[in-house]
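Peer 1: Next up is a structure, given as structure tokens.
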Amino acid sequence: MLRVAPIETNECVIVVGITIAEYFRDMGYNVSMMADSTSRWAEALREISGRLVSFSL
3 MLRVAPIETN ECVIVVGITI AEYFRDMGYN VSMMADSTSR WAEALREISG
53 RLVSFSL
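Here it is as structure tokens:
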């Protein structure tokens with residue numbers, strides 16, 4: 003599978019999107035947020051978690 007961006011970037015993009023959506027929601031706008039591939043996001047979180055465990059050992 004071809005990866006365009008590192009795994010950490012995938013997680014960061016989702017968090018930034020959520021933050022922007024929450025900003026507009028707090029301003030009183032109606033917000034609808036959709037994530038194209040939540041499985042890739044979950045994969046990124048699992049990989050990062052595995053790296054954190056290996057650093058702590």
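Sequential numbering from 3 applies to the sequence shown in this note's numbering. Here a beta-carbon is modelled for each residue, glycine too, at the ideal position from N, C-alpha and C.
#1: Taking the alpha carbon of N32 as the reference point, which residue from I22, R53 and W43 has its own alpha carbon closest?
#2: Report all residues from its chain with a CB closer than 7 Å to the CB of A37; omit the five preceding and five following residues, and keep chain order.
#3: Can you name, in chain order, every residue of its own chain whose Cβ lies under 6 Å from the Cβ of R27, other than the five neighbours on each side?
#4: Roughly how many angstroms separate the alpha carbons of S41 and G30, rounded to a whole number?
#5: One question on the structure: do G19 and M35 come within less than 8 Å of each other, judged by their Cβ atoms?
Peer 2: According to the structure data:
#1: Answer by Cα proximity: I22.
#2: Once the five neighbours on either side are set aside, the close Cβ partners of A37 are I16 and W43.
#3: Counting only Cβ-Cβ distances below 6 Å, and skipping sequence neighbours, we find V33.
#4: When the Cα atoms are used, S41 and G30 turn out to be separated by approximately 30 Å.
#5: Yes, they are a contact pair.
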